[in-house]
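Notes follow once the structure below has been shown.
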Amino acid sequence: MLMIMYKKTLGKFYRSSFPVPRCFFPSALLSFCVMLGRVYTAALQGVKAKLVETEADVAHGLPFFNIVGLPDPAVKESKIRVKSALSNSGYSFPASQRAVINLAPADLRKEGSGFDLPIALALLNASKIIRKDQLNSSLFMGELGLDGSLKPSPGALIFALLAQEKGMERIILPTPNAREASVVPGIKVLPVSHLSQVVEFLNGELDLKPVSSCLEDLFRQAGEYEHCLSEVRGQESAKRALEIAAAGAHNLLMIGPPGAGKTMLAQRLPGILPELSPEEAIETTRVYSILGLLSNDLPLITHRPFRSPHHTVSDAGMVGGGVYPRPGEISLSHNGILFLDELPEFKKNVLEALRQPMESGSVTIARAQGSLSYPSRFMLVTALNPCRCGYLGDSHHICKCTPRQVHQYRSKISGPLMDRIDLQIEVPSVRYRELSGEACGEPSAIIRERVKKARSLQRERFSKSRIYCNAQMSNRQIQKFCRIDDASHRLLENAVDRMGISARGWSKILKVARTIADLESRDNILSRNISEALSYRILDRA
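So for the sequence shown, the working numbering puts the first residue at 18; every next one is plus one.
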């Protein structure tokens, strides 16, 4: 009877020439016709997330279901998944009513399938199927299957950090994402595998056991690095250069014939780097979480990343990009190593795109939809042959390249990029005597202790600034911490004038000399430190 009176009254006012005042309808009638629900979730914005209110408005009217608030195609398709998941889970979908989902703030783009669960819960809340008691203190995420099962979504760690920042009590998410989110302290992580479990929990009919992880246990489970530097036969000068590069986080270039051991040396460099701190581990894991590269077996990146992309990689694959910007290889190498084997084979525009991130430690990707910044503080390690055939200067093979071909091969690497590489070393062929003898080099663990001691001196030195190693020093810091005596000045002046070293190359030499002095636990830089730093500029000497 009430609905008949409502339709007749509404029809009269529609036929009139003046608008219908809202105050005309009794409040009881409005509450009967309109139902609202609200659930909290988040949207990824680079390596961070922003809180999103999922609002559901269910009212009587022509059948209609729409999602507003800048949804991408995956979010728009949620309508189909949510409908099937609700009906197959035993809940009625308001098929004969008008349903509108608003993802606020409306000017923030929403991407991914992780909005399925919040949309379904907002509809159930608007239909009075679930209570509101725990909705305001919970963050929800997850993709729904057609049968109501929950599937993992990327960004669980970032969502958990946002929930911690906003002071929420819990985050409810699919079971495969639970261990990833549980590394964030101070928040309950509740894993669920089906939509019905979430509804029963919110109605007080089911208890969910929170998942927790201990960072110390995760670091202990990671174990030691697989490769050890003692396995490398010979190449003592190259090992020394690797130690200096690790101690100061310097970029490194290795040049030598095929089979000399350049790749083998690069693969063992992470084993002599200091372990990741908990803050660095979470910072690095953020990038992997965005791309969904984490699992229950790998909820946290505990080893320094080592990325070695193929030389056919595009600039978007290296730096990041796409219509909706995603991180690239340089961001996946954050706090670790980016190894480029066969450097001249990479496309020139890909190599040139590395220059700015190497200096700033971050990369900003701008698109029409907006711009996003990703971290990119990495060590660049490169390897190349001396010429196209690979045997220029090798005493055991004859080089078949002409001087013109050698010049063309090396000119693929620009001078500005080469200036940003601190150490340039030669890796010669290994003699049979070294190959056949027993391995007697220092293990990575012993070298790592020396590196950690040098790094601790640098952290103390730069405690009042935002940098943590010698490679990141500014010009002002070089003048303050890299003072040299008169003998070192004369040595450096002769080398710069004779070799034509640029201003950036000059500062790189001083940074490397500072690191060598740190390995010797000395405050002052000696002339022998300058001389050793100059020996690691073989391309400038050529």
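Every residue, glycine too, gets a C-beta built ideally from N, C-alpha and C.
Terminal residues of the alpha helix (DSSP H) in which residue i lies
i	result
LEU235	232 to 239
ASN511	503 to 516
PRO420	420 to 427
ILE533	520 to 536
PHE356	It is not in any alpha helix (DSSP H) - PHE356 instead sits in the beta strand (DSSP E) that spans 354 to 357.
ILE463	461 to 478
LEU163	From DSSP, LEU163 is part of no alpha helix (DSSP H); its letter is neither H nor E.
LYS183	LYS183 -> no alpha helix (DSSP H), and no H or E assigned at all.
LYS365	365 to 369
PHE498	492 to 498
Helix, strand or coil at residue i [DSSP, three-state]
i	result
ASP74	strand
PRO392	strand
PRO295	helix
LYS100	helix
TYR23	At TYR23, the pLDDT of 43 sits below 50, so the modelled position is not reliable and the matter cannot be decided from this model.
ILE188	strand
SER350	coil
PRO88	strand
VAL249	coil
TYR57	strand
LEU125	coil
ILE146	coil
PRO171	coil
GLY278	coil
GLY432	helix
ILE136	helix
GLY458	coil
ARG372	helix
GLN489	helix
GLY288	helix
ARG483	coil
GLY265	helix
SER130	coil
TYR242	coil
SER95	helix
Bridge partner(s) assigned by DSSP for residue i
i	result
ARG4	Since the first residue shown for the chain is 18 and the last is 559, residue 4 is missing from the structure and cannot be characterised.
MET271	ALA400 and ILE442
SER62	Strictly speaking, residue 62 in this sequence is Gln, with Ser absent from that position. Beta-bridge pairing links GLN62 to LYS65.
GLY107	DSSP lists no partner for GLY107.
MET52	VAL75
ILE542	ILE501
GLY387	ARG384
Start-to-end residues for the beta strand (DSSP E) that takes in residue i
i	result
VAL447	No beta strand (DSSP E) contains VAL447, which DSSP labels as neither H nor E.
PHE157	155 to 157
ALA121	114 to 121
VAL85	81 to 85
ALA383	379 to 384
Distance between beta carbons of residue j and residue i, contact taken as under 8 Å
i	j	result
LEU156	ILE188	5 Å
ARG448	TYR426	Their Cβ separation, rounded to whole angstroms, is 26 Å, which puts ARG448 and TYR426 out of contact at 8 Å.
ARG384	LEU349	That pair is no contact at about 20 Å.
ILE484	LEU246	No, ILE484 and LEU246 are not in contact; Cβ-Cβ is about 27 Å, not under 8 Å.
VAL117	ILE307	Their Cβ separation, rounded to whole angstroms, is 30 Å, which puts VAL117 and ILE307 out of contact at 8 Å.
LYS429	PRO361	4 Å
SER552	PRO274	That pair is no contact at about 20 Å.
ILE147	THR71	In fact, because the Cβ distance is near 13 Å, the residues do not count as touching under 8 Å.
THR302	LEU235	Contact flag wrong, Cβ pair sits at about 10 Å.
GLY322	GLY353	According to the sequence displayed, residue 322 carries Pro and not Gly. Confirmed, Cβ separation roughly 3 Å.
LYS528	ILE501	Not a contact, Cβ separation roughly 12 Å.
ALA139	GLY54	4 Å
ALA66	PHE176	6 Å
The ligand MN heavy atom lying under 7 Å from the CB of residue i
i	result
PRO344	Summarising the ligand content, the structure contains no ligands, and the ligand MN is consequently not present.
Problem set entry | Runs of beta strand (DSSP E) wholly within the region 310 to 345 (minimum 3 residues, chain order) | Annotation: the region 310 to 345 contains no complete segment of the beta strand (DSSP E) (minimum length 3 residues).
Exercise. Mind pulling the beta strand (DSSP E) runs of 3 or more residues that sit fully within the region 190 to 235?
Worked result: As far as the region 190 to 235 is concerned, its whole beta strand (DSSP E) runs of at least 3 residues are 205 to 209.
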